[in-house]
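Asker:
There are 2 protein chains.
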Amino acid sequence: MAMHVATLTTRLIRPTYQNKCVVLRYMSTTCDHGKSLVYQEYGEPIKVLSMQQIPLKKPEDNQVLVKWLLAPVNPADINTIQGRYPSKPALPAVPGNEGVGEVVIVGSKVQGLEVGDRVVPNGVNMGTWRTHAVYNKDEVLKIPKNIGMVEASMINVNPCTAYRMLKDFVPLKPGDTVIQNGGNSAVGQIVIQLCKAWHLKSVSIVRDRPEIIELKDHLKSLGAHEVLTESELRKTEIFKSKQYLQPKLALNCICGQNALEVLRHLDHSGVMVTYGGMSRDPLTVPTSALIFKNITIKGFWMTAWTKAHMESKERTEMYNELEELINTKNLQAPPYKLIAFDKFQEAVLNALSINGKAGLKYILDMTQK
Amino acid sequence: MAMHVATLTTRLIRPTYQNKCVVLRYMSTTCDHGKSLVYQEYGEPIKVLSMQQIPLKKPEDNQVLVKWLLAPVNPADINTIQGRYPSKPALPAVPGNEGVGEVVIVGSKVQGLEVGDRVVPNGVNMGTWRTHAVYNKDEVLKIPKNIGMVEASMINVNPCTAYRMLKDFVPLKPGDTVIQNGGNSAVGQIVIQLCKAWHLKSVSIVRDRPEIIELKDHLKSLGAHEVLTESELRKTEIFKSKQYLQPKLALNCICGQNALEVLRHLDHSGVMVTYGGMSRDPLTVPTSALIFKNITIKGFWMTAWTKAHMESKERTEMYNELEELINTKNLQAPPYKLIAFDKFQEAVLNALSINGKAGLKYILDMTQK
Numbered sequence: 001m002a003m004h005v006a007t008l009t010t011r012l013i014r015p016t017y018q019n020k021c022v023v024l025r026y027m028s029t030t031c032d033h034g035k036s037l038v039y040q041e042y043g044e045p046i047k048v049l050s051m052q053q054i055p056l057k058k059p060e061d062n063q064v065l066v067k068w069l070l071a072p073v074n075p076a077d078i079n080t081i082q083g084r085y086p087s088k089p090a091l092p093a094v095p096g097n098e099g100v101g102e103v104v105i106v107g108s109k110v111q112g113l114e115v116g117d118r119v120v121p122n123g124v125n126m127g128t129w130r131t132h133a134v135y136n137k138d139e140v141l142k143i144p145k146n147i148g149m150v151e152a153s154m155i156n157v158n159p160c161t162a163y164r165m166l167k168d169f170v171p172l173k174p175g176d177t178v179i180q181n182g183g184n185s186a187v188g189q190i191v192i193q194l195c196k197a198w199h200l201k202s203v204s205i206v207r208d209r210p211e212i213i214e215l216k217d218h219l220k221s222l223g224a225h226e227v228l229t230e231s232e233l234r235k236t237e238i239f240k241s242k243q244y245l246q247p248k249l250a251l252n253c254i255c256g257q258n259a260l261e262v263l264r265h266l267d268h269s270g271v272m273v274t275y276g277g278m279s280r281d282p283l284t285v286p287t288s289a290l291i292f293k294n295i296t297i298k299g300f301w302m303t304a305w306t307k308a309h310m311e312s313k314e315r316t317e318m319y320n321e322l323e324e325l326i327n328t329k330n331l332q333a334p335p336y337k338l339i340a341f342d343k344f345q346e347a348v349l350n351a352l353s354i355n356g357k358a359g360l361k362y363i364l365d366m367t368q369k
Numbered sequence: 001m002a003m004h005v006a007t008l009t010t011r012l013i014r015p016t017y018q019n020k021c022v023v024l025r026y027m028s029t030t031c032d033h034g035k036s037l038v039y040q041e042y043g044e045p046i047k048v049l050s051m052q053q054i055p056l057k058k059p060e061d062n063q064v065l066v067k068w069l070l071a072p073v074n075p076a077d078i079n080t081i082q083g084r085y086p087s088k089p090a091l092p093a094v095p096g097n098e099g100v101g102e103v104v105i106v107g108s109k110v111q112g113l114e115v116g117d118r119v120v121p122n123g124v125n126m127g128t129w130r131t132h133a134v135y136n137k138d139e140v141l142k143i144p145k146n147i148g149m150v151e152a153s154m155i156n157v158n159p160c161t162a163y164r165m166l167k168d169f170v171p172l173k174p175g176d177t178v179i180q181n182g183g184n185s186a187v188g189q190i191v192i193q194l195c196k197a198w199h200l201k202s203v204s205i206v207r208d209r210p211e212i213i214e215l216k217d218h219l220k221s222l223g224a225h226e227v228l229t230e231s232e233l234r235k236t237e238i239f240k241s242k243q244y245l246q247p248k249l250a251l252n253c254i255c256g257q258n259a260l261e262v263l264r265h266l267d268h269s270g271v272m273v274t275y276g277g278m279s280r281d282p283l284t285v286p287t288s289a290l291i292f293k294n295i296t297i298k299g300f301w302m303t304a305w306t307k308a309h310m311e312s313k314e315r316t317e318m319y320n321e322l323e324e325l326i327n328t329k330n331l332q333a334p335p336y337k338l339i340a341f342d343k344f345q346e347a348v349l350n351a352l353s354i355n356g357k358a359g360l361k362y363i364l365d366m367t368q369k
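Read top to bottom, the protein sequences are chains A and B. Quick note on full-length UniProt numbering: the first sequence kicks off at 1 and runs consecutively. Quick note on full-length UniProt numbering: the second sequence kicks off at 1 and runs consecutively.
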């Protein structure tokens with residue numbers, strides 16, 4: 001089971017991490033070279049990505065040198081390298097939007113960051129798939145050392161996406177129902193946990209599959225109130241029972257027929273928020289749902305939100321709350337697999353099949369040799 | 001041409017109306033019976049509607065007796081009689097949501113209404129397809145006598161729908177572009193005129209048809225900035241020119257492929273408001289439009305708005321502004337045909353083909369013998 005592999009790996013990495021850090025910190029300040037994945041043209045990652053030696057630059061007065069330790073491989077990273085993502089970095093580019101790193105050199109005028117501080121990218125397209133990089137002080141965000149490394153490496157995209165979608169579209173109160181498809185996706189699992197933490201009832205839709213019982217058990221162990229397969233959704237009567245209010249909010253990363261079935265269960269004046277389209281079909285909306293049920297259809301893109309709210313109070317509050325939830329074990333990483341940085345090919349080959357490969361999230365590990 | 005027929009009819013009805021009124025006022029307060037269309041069961045209007053003699057009731061202290069003069073036949077009326085509309089009156093029922101009438105008897109405690117005042121329904125499902133009815137004072141809304149009778153009879157649904165859709169979804173400023181399909185529909189023609197009055201640029205999409213030149217001329221005479229056929233829309237470059245800003249608001253009464261083509265031209269963060277689905281296809285929304293263009297998809301139903309805003313300041317302001325626009329000839333009725341009340345069959349048979357029958361709006365005329 002993927003979940004067991006992940007849990008085991010977590011246990012393995014944590015004790016060894018501290019020792020490695022000492023070595024790495026020493027190396028990063030003494031050796032002249034790091035390594036970086038780079039692409040010169042858009043295309044399939046396996047073809048266009050190459051591992052290059054990079055000279056280490058000394059940070060300027062307002063800069064820091066960061067040693068990246070872990071960097072997840074997200075579907076959006078793959079799409080960006082393919083040139084299929086609206087957010088197109090100038091080429092040549094270093095991929096990677098998320099990660100956790102350590103500050104190893106601090107510029108003379110930098111305040112609020114010290115050597116040894118743990119950081120995550122404070123923005124998008126900052127190229128985390130490398131061992132070292134120099135950033136302006138404001139380009140990294142300090143996070144507490146007491147939260148899990150893996151969780152920290154993934155905090156920027158999926159937890160923030162789930163957090164914002166639950167906060168920003170519909171006023172929800174304890175006891176309200178949230179319905180989502182892709183319940184087993186990285187975001188979906190965080191939605192389940194946030195709903196539990198905030199006393200919302202989550203109903204998650206997943207695809208029919210042979211190991212459905214194990215999957216339901218796993219999602220329920222995260223706090224899912226109800227997990228339904230697509231075929232169960234079609235005939236469910238749970239929203240006619242007193243156990244669940246009709247959902248005011250639906251989160252959709254699939255589109256197509258699946259989203260249409262989800263839409264049917266939305267309460268009057270409910271909102272469906274789309275953040276993905278894994279079926280590759282468009283979203284189909286019955287006219288009557290718009291006119292007579294007053295349903296609203298919106299989209300959400302974390303990248304755009306981050307750019308628009310970089311210095312906002314909401315963003316600070318969000319990170320504080322997410323860090324607290326991680327720290328109190330109310331929010332845990334999805335099943336994942338650490339891949340030694342040099343063996344990045346396995347990660348980029350598998351990262352697009354989110355629900356394939358037992359739902360594993362691949363994470364590049366710059367601390368492994 | 002439908003437009004010519006309608007214009008001619010308008011000229012004919014207005015001079016004769018005053019004379020008839022005197023007679024009618026006399027009759028309505030002296031004779032014992034009126035006539036009413038009634039249906040006992042849901043079904044095709046031509047089968048389930050019957051004309052019945054009704055005894056005239058004397059209004060109570062807080063009531064008025066209204067003589068209905070004109071009552072439009074809207075597609076929603078037909079759907080209601082068919083039982084296909086979400087708003088289902090208890091049976092037996094008198095159809096008709098819109099109309100203009102005259103107060104002929106006033107209850108002793110009624111203030112603000114006098115004999116001879118002109119009124120429209122102040123709410124929904126008030127049964128305007130009859131010669132007389134007693135209403136509570138608050139169930140009718142007094143309107144000025146100086147506005148056209150035909151326009152007054154149609155003020156409740158289409159002008160209010162167009163008004164609210166332009167006001168309530170996106171903040172628009174002079175020079176902004178609004179795109180709509182069904183540009184020749186009753187609402188579409190009012191959208192064009194309101195856009196002109198409010199210094200917005202309207203781009204209207206209509207179906208390809210043999211008499212397209214006449215239709216374009218007609219819509220441009222109402223103030224349309226641009227009228228495009230569906231095939232012209234597919235290749236238009238007008239939004240790349242400096243003449244038009246990309247539309248922030250799209251109004252949709254068609255859905256299906258047509259709406260999808262309209263959607264493609266929406267500006268980033270634009271809103272599409274759906275108020276009809278004449279293609280009988282659902283609305284199809286590309287995932288990327290939701291996520292990366294931040295498009296919002298909403299619906300609008302005038303009936304629901306009216307119920308929710310019955311006593312509101314917005315509603316009073318809307319009627320005042322619409323009455324002023326009608327009075328200053330900035331808002332005119334769509335092409336229509338008056339049908340003597342006794343010959344109601346022609347109206348109910350044709351009312352669903354909005355764009356068929358040369359786009360005529362059918363109006364029951366209780367003043368014709």
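Glycine is no exception: its CB is placed at the ideal position from the N, C-alpha and C atoms. Just so it is clear, the structure is predicted and the values come from calculations on it, not from any experiment.
Residues of the stretch 259-275 of chain B in Cβ contact with chain A at a cutoff of 7 Å, in chain order, please.
Answerer: Here the close residues are Thr274 and Tyr275.
Asker: Helix, strand or coil: which one does DSSP assign to glutamine 368 of chain B?
Answerer: If DSSP states are grouped into helix, strand and coil, glutamine 368 of chain B belongs with coil.
Asker: With respect to 8 Å, is the separation between the Cβ of tryptophan 68 of chain A and the closest non-hydrogen atom of the ligand FMN below this value?
Answerer: Among the ligands in the structure shown, none appear at all, so the ligand FMN cannot be discussed.
Asker: Taking beta-carbon pairs under 8 Å, can you tell me which members of the stretch 297-321 of chain A lie near chain B?
Answerer: Cβ contacts with chain B: Ile297, Lys298, Gly299, Phe300, Trp301 and Ala304.
Asker: Is there a Cβ from chain A that is less than 9 Å from the Cβ of isoleucine 179 of chain B?
Answerer: With 9 Å as the cut-off, isoleucine 179 of chain B does not count as an interface residue toward chain A.
Asker: In this structure, how does DSSP classify valine 48 of chain B when only helix, strand and coil are distinguished?
Answerer: Helix, per DSSP.
Asker: Does DSSP put valine 22 of chain A in a helix, a strand or coil?
Answerer: Here valine 22 of chain A scores only 40 on pLDDT, less than 50, and its place in the model is too uncertain to base an answer on.
Asker: Quick one: Cα of aspartate 267 of chain A to Cα of isoleucine 212 of chain B, how far?
Answerer: Answer to the nearest angstrom: the Cα atoms are 42 Å apart.
Asker: Whole-angstrom Cβ separation of leucine 263 of chain B and valine 170 of chain B, contact assumed at under 8 Å?
Answerer: Not quite, the Cβ-Cβ distance comes to about 14 Å (not below 8 Å), so this is no contact.
Asker: What does the Cβ neighbour count give for methionine 310 of chain B, buried or exposed, with the cut at 16 atoms within 10 Å?
Answerer: With fewer than 16 Cβ atoms within 10 Å of its Cβ, methionine 310 of chain B is classed as exposed.
Asker: According to DSSP, is valine 119 of chain B helix, strand or coil?
Answerer: Looking at valine 119 of chain B - three-state DSSP - the assignment turns out to be strand.
Asker: Can you have a look at asparagine 181 of chain A and say buried or exposed, based on whether 16 or more other CB atoms are within 10 angstroms of its CB?
Answerer: By the neighbour-count rule (16 or more Cβ atoms within 10 Å), asparagine 181 of chain A is buried.
Asker: Which of helix, strand or coil does DSSP assign to glutamine 111 of chain B?
Answerer: Residue state, collapsed to three classes: coil.
Asker: Would you tell me roughly how many angstroms separate the C-alpha atoms of asparagine 146 of chain B and proline 86 of chain B, rounded to the nearest one?
Answerer: Approximately 35 Å, taken between the alpha carbons.
Asker: Run through DSSP, which three-state label would residue 395 of chain A get?
Answerer: Nothing in the structure corresponds to residue 395 of chain A, since chain A is present only between 1 and 369.
Asker: Hey, does serine 288 of chain A have any beta-carbon neighbour from chain B nearer than 9 Å?
Answerer: Serine 288 of chain A counts as touching chain B.
Asker: Span of the beta strand (DSSP E) holding lysine 251 of chain B?
Answerer: One point to set straight first is that residue 251 of chain B is leucine, not lysine, in the sequence displayed. Its beta strand (DSSP E) spans residues 249-252.
Asker: How long is the line joining the alpha carbons of lysine 20 of chain A and valine 203 of chain A, rounded to whole angstroms?
Answerer: Annotation note: pLDDT 42 at lysine 20 of chain A (below 50); position unreliable, coordinate value reported separately. Their Cα atoms are separated by approximately 42 Å.
Asker: Please work out which residues of its chain come closer than 7 Å, Cβ to Cβ, to serine 231 of chain B, disregarding the five sequence neighbours upstream and downstream, and give them in chain order.
Answerer: So the qualifying residues of the chain are Asp208.
Asker: If you draw a straight line from the alpha carbon of methionine 149 of chain B to that of tryptophan 129 of chain B, how long is it in whole angstroms?
Answerer: Using only the alpha carbons, I get a separation of about 16 Å.
Asker: Between the stretch 106-121 of chain B and the stretch 72-86 of chain B, can you find at least three pairs of beta-carbon atoms closer than 8 Å?
Answerer: Cβ pair count under 8 Å is below three, so no.
Asker: Run through DSSP, which three-state label would serine 153 of chain A get?
Answerer: Looking at serine 153 of chain A - three-state DSSP - the assignment turns out to be helix.
Asker: Look at the alpha carbon of asparagine 258 of chain A and the alpha carbon of asparagine 252 of chain A, and state the distance between them as a whole number of angstroms.
Answerer: Those two C-alpha atoms are separated by around 9 Å.
Asker: Looking at the secondary structure, which residues open and close the alpha helix (DSSP H) in which proline 75 of chain A lies?
Answerer: Run containing proline 75 of chain A: 75-82, per the alpha helix (DSSP H) assignment.
Asker: Helix or strand or just coil, what does DSSP make of glutamine 63 of chain A?
Answerer: Strand.
Asker: Is residue 370 of chain A buried or exposed, if buried means 16 or more other CB atoms sit within 10 Å of its CB?
Answerer: It is not possible to answer for residue 370 of chain A, since the shown part of chain A is limited to 1 through 369.
Asker: Does the beta carbon of isoleucine 295 of chain A come closer than 9 Å to any beta carbon on chain B?
Answerer: With 9 Å as the cut-off, isoleucine 295 of chain A counts as an interface residue toward chain B.
Asker: Using a Cβ-Cβ distance cut-off of 9 Å, determine whether isoleucine 291 of chain A contacts chain B.
Answerer: Yes, contact with chain B.
Asker: What does valine 285 of chain A touch in chain B if you count any residue whose Cβ is under 7 Å from its own?
Answerer: Simply Pro282, Leu283, Val285 and Ile297.
Asker: Taking contact to mean 3 or more Cβ pairs, one atom from each stretch, closer than 8 Å, check whether the stretch 98-109 of chain A and the stretch 278-297 of chain A are in contact.
Answerer: No: fewer than three Cβ pairs fall under 8 Å.
Asker: So, does the CB of leucine 24 of chain A fall closer than 9 Å to a CB anywhere in chain B?
Answerer: Confidence is the limiting factor: at leucine 24 of chain A the pLDDT is only 46, short of 50, which leaves the residue's position unreliable, though a coordinate-based value still follows. Leucine 24 of chain A does not count as touching chain B.
Asker: Which bits of chain A does residue 402 of chain B rub up against, with CB to CB less than 7 Å?
Answerer: Past the boundaries of the shown model lies residue 402 of chain B; chain B is included only from 1 to 369, so the question cannot be answered.
Asker: Using 8 Å as the threshold, is the stretch 55-63 of chain B in touch with the stretch 89-101 of chain B, meaning 3 or more CB pairs across them?
Answerer: With a cut-off of 8 Å, the stretch 89-101 of chain B and the stretch 55-63 of chain B do not count as touching, because too few Cβ pairs lie within range.
Asker: Which of the residues in the stretch 81-111 of chain A, read from start to end, lie with their CB under 8 Å from any CB of chain B?
Answerer: Cβ contacts with chain B come from Pro86.
Asker: So, is arginine 234 of chain B buried or exposed, given that buried needs 16 or more other C-beta atoms within 10 angstroms?
Answerer: Counting Cβ neighbours within 10 Å, arginine 234 of chain B comes out exposed, since fewer than 16 surround it.
Asker: Tell me tyrosine 362 of chain B's beta-bridge partners as DSSP assigns them.
Answerer: Answer is B:Val73 and B:Lys337, bridged to tyrosine 362 of chain B.
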